[in-house]
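At position 103 of the sequence shown the residue is numbered 834 (the numbering used here), and the sequence of numbers has no breaks.
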Amino acid sequence: MRIIFVRHADPDYGKDSLTQKGFKEAELLVPRISKLDVKDFYCSPLGRAKDTAKPTLNFMNRSAKTLDWLKEFPAHIKDEKTGNDTHPWDLMPSYWTNDRKLYDKDEWIKTDLMQSGDVEKVYNYVISELDKLIAKYNYVRENNYYRVEKENRDTIVLFCHFGIECVLLSHLLGVSPVILWQGFVASPSSVTTLITEERQQGIAYFRCNGFGDISHLYAANEPPAFAARFCETFSSEDERH
732 MRIIFVRHAD PDYGKDSLTQ KGFKEAELLV PRISKLDVKD FYCSPLGRAK
782 DTAKPTLNFM NRSAKTLDWL KEFPAHIKDE KTGNDTHPWD LMPSYWTNDR
832 KLYDKDEWIK TDLMQSGDVE KVYNYVISEL DKLIAKYNYV RENNYYRVEK
882 ENRDTIVLFC HFGIECVLLS HLLGVSPVIL WQGFVASPSS VTTLITEERQ
932 QGIAYFRCNG FGDISHLYAA NEPPAFAARF CETFSSEDER H
């Protein structure tokens, strides 16, 4: 089985849509995705994900099922300085690197930081919905792997967002999402691919063989968007801090 995550193209967050560049990126995804033998498409309910999926779905004369839990990860934590709600993935390295529990696949969610909001509740809901989806293709979660009830080579494509993509990958790969949120970047319109390996009969594990791939942009001489990145150097005042 193959799961493909497509992050939405360059976003216009204010309009929950895409920028002019984003619409171009979405068009450049068409030859990339349309070559695949896709059994089912799924999409976040948010506009920027739907706008990204639309050109490919139209070209292939297909439709995508909207899944509410594919929207950007909606959980919040409390900012220790202001007491205001903030996103759990936007942490300064001087803070999160000093808490070893945030590196742990089981302990990260039990830290005071994550317990200050609804992260555990939302995380558990999202990964349970992911497992329900995968079970429809006869791969059933058992401990830290998937029991194969009926092997197949089905491919599903999920149009979603960077934050939620990291959450889903953390469950499939057995790592803390904090490592993925803070240590990886999936550029707008990027493609991440996981494929099952079934080296033991009846036991499958998802293995990532491509993260954040934007070769479709390079093939068209289209530079990647900056969204999801922060300043490369602190003195880069023109880049997001």
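All residues carry an ideal CB built from backbone N, CA and C; glycine is no exception.
Just so we're clear, the structure is a prediction, and the values are computed from it rather than from any experiment.
Kindly indicate which three-state DSSP category F754 falls into: helix, strand or coil? helix
Based on the DSSP secondary-structure assignment, which residues constitute the bridge partners of Y877? R872 and A935
Name the two residues that bound the continuous alpha helix (DSSP H) containing C897. F893 to L904
Here's the rule I'm using: 16 or more other beta-carbon atoms within 10 Å means buried, otherwise exposed. How should S907 be labelled? buried
Residue interval of the alpha helix (DSSP H) (run including R779): G778 to M791
Compare the C-alpha of G933 against each of E882, S966, W912 and V888 and name the closest. E882
Boundaries (first-last residue) of the beta strand (DSSP E) holding R733: R733 to R738
By DSSP, does V922 sit in helix, in strand, or in coil? strand
Considering just the uninterrupted stretch of the beta strand (DSSP E) at A950, what are its terminal residues? Careful: A950 lies outside any beta strand (DSSP E), inside the alpha helix (DSSP H) at S946 to A950.
My guess is that V879 and E929 are in contact by the Cβ rule of under 8 Å, so how many angstroms apart are they, rounded? 6 Å
Could you tell me how far apart the beta carbons of T923 and G894 are, in whole angstroms, since I believe they sit closer than 8 Å? Actually they are not in contact, since the Cβ atoms of T923 and G894 sit about 13 Å apart, beyond 8 Å.
What separation, rounded to the nearest whole angstrom, lies between the Cα atoms of I808 and I840? 11 Å
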